[in-house]
Structure formats: C-alpha cells, structure tokens
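With my numbering, you'll find the sequence shown wraps up at 382, consecutive numbering, no jumps.
Using N, Cα and C, we set each Cβ at its ideal position, and we do this for glycine too.
Values in this document were obtained by computation on a predicted structure and should not be read as measured data.
Below is one structure, written out as structure tokens, with a few remarks after it.
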Amino acid sequence: MDRVREPRPELGDISPYDAKDVRAEVNLSANENPHNLPGELLEKLADRVRFDVPFNRYPDPMATRLRGLIAEANGLDAGNVLVGNGGDEIILDVILAWGGPGRKLVDLPPTFSMYGIDAWMTGTRVVDVPRTPEFEVDGPALMRAVAEQDPDIIVISNPNNPTGTMTPETLLIDLLEATDALVLVDEAYFEFSRQTMRPHMSRHPNLAILRTFSKAFSLAGLRAGYLLADASVVRELTKVRQPYSVNRFTQVAAELTFRDRVVFEAGVREAMRNRDRLVHGLSQMAEVAVFPSEANYILFRVDQAAAVWRDLLHDHSILVRDFSRTPGLEDCLRVTVGSEEEIDRFLKAMDEIIARKHASAHFGINATANRHLERNGE
Ligand SMILES: *Cc1c(COP(=O)(O)O)cnc(C)c1O
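If you want it as structure tokens, here you go:
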C-alpha cells in the first residue's frame, strides 16, 4: 500500500500534547526539583544497579517492595497502594476504569489538562465546573453538578496546577459525603502544601489520593507515581493497567528515594524560601498580578504575556509555561520555583522586559520593533 488509512475521526480536532521540549539555560516550566538526586543516593543506586538488578527479567508488576514502603509510611496496607509510571499513568487508569462511554467526569478548570485529555481519549463525558475568578472551586456549583449530573469521577488537583490554589478540606468532605463517585484528589504537590486528605480515607472508600516522585523527589525523568485508595479500588485499577509499566530501574530508584525521603526536606524548605522571594519580587512589578500558591510554582498575570514569554526565552534563555491561550488564564504565565540563582536571573529578566516595554510604550513603538532597532545598533 502507498498510504495508511485515517485514524479515529475524533483525532482530527486534536493537536498533540505540547510538552514544549524547548532548550533553555534555565528551565522553570515543569515544576521539577531544580536539583538532581543527591550524590549519596546516586551512589547507592549505582551499587544496586551493578549487583542487584536483573535487567533481563520483567519487573515486578506491582512493585511490591516500593508498595510496601509507601503503605507503611501512610499507615495503610499494601492493598491500598498502586504504583504507576508517573502519576499520569494512574490518572489514565482511573479514567479507564471509572470513565468510558456513557460515563461522566467532573473537571474543575482551569486545572491540569491531562484529566480532560484522558476523558476525551476514553469517550468519557466531561462536565466542567469552572473555578471562580480567584481560582477557587465553586462549591455550590460543584454540589449542583453532582446532584444534577450524577458523575462517575470527580478530579481535584489540590493544590491546583497551574493556579496554586488549595480547596478547603471541609468542601472536599462535603463532596465525599454527597456522592459515591470516585473522588480523585491529586496531591502531586503534597510535599510542598503539607496538606492531605489521607485522614479521611477510612470513612470514605470513594476517596483516592494521587502522589508523585516527579516534583519534590527529583525523579521526573524516571516516571513514578502512586495512588492511595480503598483496596477494592486498587483491585479494579489492576484490571486496566499495563502490567509492566514501572520498570526495574525506576522501582529501585524510587525505593531508595522513598527510604531516604527526609533528605529532600531541605529542598522543600529551600523551595518555600525561594517561593517567598519570587512572590515578593514579582509583586514589586507594576504590571504583574501574582496569585498565592501552596506549591512549587507561581501563576502570574502580566500584560502581553505571550510576548513576555517569548522575550524570556529568546533574550534570556529562560523557559516558563505559557497559559495565555488557556480559557480563564488569559495573560497568565506559570514559573517554577527554581534554585536561588535561577530565581534571581528570572526576576532580573522580568525587570528588564517590563522596563523595555515601558520605554517603548513611552516612545509609541512596540517592543519588538524597539528591540530590532537596538540590535541593529540604531
Ligand atoms: C506533575 C503532576 C502530576 C504527575 O506527574 P507525573 O510526572 O506523571 O508523576 C499529576 N498531577 C499534577 C497536577 C501534576 O502537576
């Protein structure tokens, strides 16, 4: 054949998930830990790999050792824990098992885009309950949607990515009481917010909590995440998951990291200090509105955000995340709390970009034209 037939017609409307693999000297776009694994952990990992990891054998499908450690640390049984190839895989598993054609997912935009993407991919109907202008969950609207639509899944990013907003525990408890839908509370940033719904699991078998090794624990490149849920929920998810999705190398690295997780506490505290500096620095800038955040990133609104994003990248080699085309996030950018040097460099670049915009506005020419003149030495 000299051609391939068309895929599912629905793909026509969709553009690929744009993970923006753009090279920049300073990457503040993906909420990763700015530091690689500490040296002593890398050495332990190298030892384990040298002597103790048969790469020729399939991995343990349920990551039994890692699962046991996570269960113990959370005061749960191994049956309450599911390990996945990043939190993203578990989100898809949840939607595969609780969603599908004829079923509904409540989404709370603006929020993490994977919920909506996975729902679409699985033919799950999405019921959007938009957040308030301050990005808080609209409690009455959510309760109305639950009563009227009888959804099968409700997903809440807590704190919410990309806005940084926390949803009050009382609202989440009301929700858990009002519905038997599976309520997925995505605590990807739990190590920074230090708030969890874990204490409510025993009373609410419909509560599932997602965590990840990608943010505080420096393992974004290895893909590991986990779910805490009722054993019956975990059992259903094992029916839809890819059995060997978490490879041996990742299992070993996540085990060592989880055992030594106290060493990441310093990094979390460093991130909290740097977040304060970042918020302080941004709020000094006249055109910038900063939203409060309980996580390791900050959302801010700035005039001509797309142009600011471009100037950060092209003139300063700093990559942040552009949300300016996302409904509800017009003129918003999200910046990860990087290292102290990265934050300094970012703030300095923002100052320059804004000062230049001011100057060019003053002279009645646009910033791009102005820069062009500068570059040509005119
Ligand atoms: C980063 C993130 C995840 C999970 O990321 P993985 O790297 O797949 O573990 C899940 N939810 C939210 C809201 C995130 O920001």
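In its own chain, which residues sit with a C-beta less than 6 Å from the C-beta of residue i, not counting the 5 before and 5 after it?
| i | result |
| --- | --- |
| M205 | L211 |
| A270 | none |
What's the C-alpha gap between residue i and residue j?
| i | j | result |
| --- | --- | --- |
| Q255 | R265 | 15 Å |
| S343 | T171 | 27 Å |
| V187 | L73 | 24 Å |
| L15 | F268 | 41 Å |
| H318 | V312 | 10 Å |
| A275 | T242 | 35 Å |
| D355 | D326 | 18 Å |
| R277 | G106 | 47 Å |
| E44 | A192 | 25 Å |
| S321 | S328 | 19 Å |
| E29 | L351 | 15 Å |
| S218 | R314 | 26 Å |
| V57 | R252 | 7 Å |
| P13 | G120 | 18 Å |
| R207 | F196 | 25 Å |
| P166 | E36 | 13 Å |
| Q288 | S297 | 17 Å |
| A185 | P137 | 26 Å |
| D6 | Y21 | 28 Å |
| A290 | E173 | 34 Å |
| L46 | E76 | 24 Å |
| P38 | G225 | 12 Å |
Of all the CB atoms in chain C, is at least one closer than 8 Å to the CB of residue i?
| i | result |
| --- | --- |
| L188 | Among the chains of the structure shown, chain C does not appear; only one protein chain is present. |
If we call anything under 8 Å between Cβ atoms a contact, is residue i one with residue j?
| i | j | result |
| --- | --- | --- |
| I357 | L316 | yes |
| R2 | L112 | Because the chain here runs from 5 to 382, residue 2 falls outside it and cannot be looked at. |
| V341 | V238 | no |
| L32 | L223 | no |
| A182 | V150 | yes |
| F116 | D25 | no |
| V141 | L100 | no |
| R338 | Y301 | yes |
| M66 | D92 | no |
| V133 | L146 | yes |
| T54 | E259 | The residue asked about is misnamed: residue 54 is Arg in this sequence, not Thr. Not in contact: R54 and E259 (Cβ atoms no closer than 8 Å). |
| G143 | T126 | no |
| N164 | F194 | no |
| S236 | P209 | yes |
| V131 | P114 | no |
| W102 | I18 | no |
| G79 | T216 | no |
Using DSSP with H/G/I as helix, E/B as strand and the rest coil, what is residue i?
| i | result |
| --- | --- |
| A371 | Model confidence at A371 stands at a pLDDT of 47, short of 50, so the residue's coordinates are unreliable and nothing is read from them. |
| G16 | helix |
| Y62 | coil |
| N251 | coil |
| K108 | strand |
| V341 | coil |
| A235 | helix |
| R305 | strand |
| Y119 | helix |
| D154 | coil |
| N210 | coil |
| D355 | helix |
| R27 | coil |
| V267 | helix |
| D315 | helix |
| G88 | strand |
| A275 | helix |
| R325 | strand |
| V283 | helix |
| G72 | helix |
| R349 | helix |
| S197 | helix |
| L377 | The predicted position of L377 is uncertain, since its pLDDT is 42 and thus under 50; a value taken from the coordinates is nonetheless stated next. In the structure shown, L377 sits in a helix (DSSP, three-state: H, G or I). |
Pick from the options: whose alpha carbon is nearest that of residue i?
| i | options | result |
| --- | --- | --- |
| G332 | L41, F304, V110, L223 | F304 |
| T169 | Q153, D178, Q199 | Q199 |
| R148 | G120, E345, P38, V110 | V110 |
| F234 | G83, R52, L46 | The identity of residue 234 in the sequence shown is Asp, whereas the question assumes Phe. Closest option to D234, Cα to Cα, is G83. |
| D283 | I347, P247, F221 | According to the sequence shown, residue 283 is Val rather than Asp. Nearest option by C-alpha distance: I347. |
| R273 | D17, A299, M289, N78 | A299 |
| S161 | Q153, M201, S364, A185 | M201 |
Who are the near neighbours of residue i in its chain, counting only those whose CB is closer than 8 Å to its CB and skipping five residues on each side?
| i | result |
| --- | --- |
| G88 | I94, D97, A228, G229, Y230, L231, R245, S249, V250 |
| H376 | Residue placement at H376 cannot be trusted, given a pLDDT of 46 that sits under 50; the coordinates are not used to answer. |
| D335 | R305, V306, D307, Q308, A309, S328 |
| L49 | L41, V256, A257, L260 |
| Q153 | K108, V110, V131 |
| V292 | L286, F304, R305, V306, M354, I358 |
| D178 | G143, M147 |
By Cβ distance, which residues of its chain are closer than 7 Å to residue i, with the 5 residues on each side in sequence left out?
| i | result |
| --- | --- |
| E378 | Because the pLDDT at E378 is just 43, under 50, the model does not fix this residue reliably, and the point stays unresolved. |
| L180 | V187, H204, H208, N210, L211 |
| T330 | P114 |
Say yes only if the C-beta of residue i is nearer than 7 Å to one or more non-hydrogen atoms of ligand 2, and no if none qualify.
| i | result |
| --- | --- |
| T171 | You won't find ligand 2 in this model; what it holds is ligand 1. |
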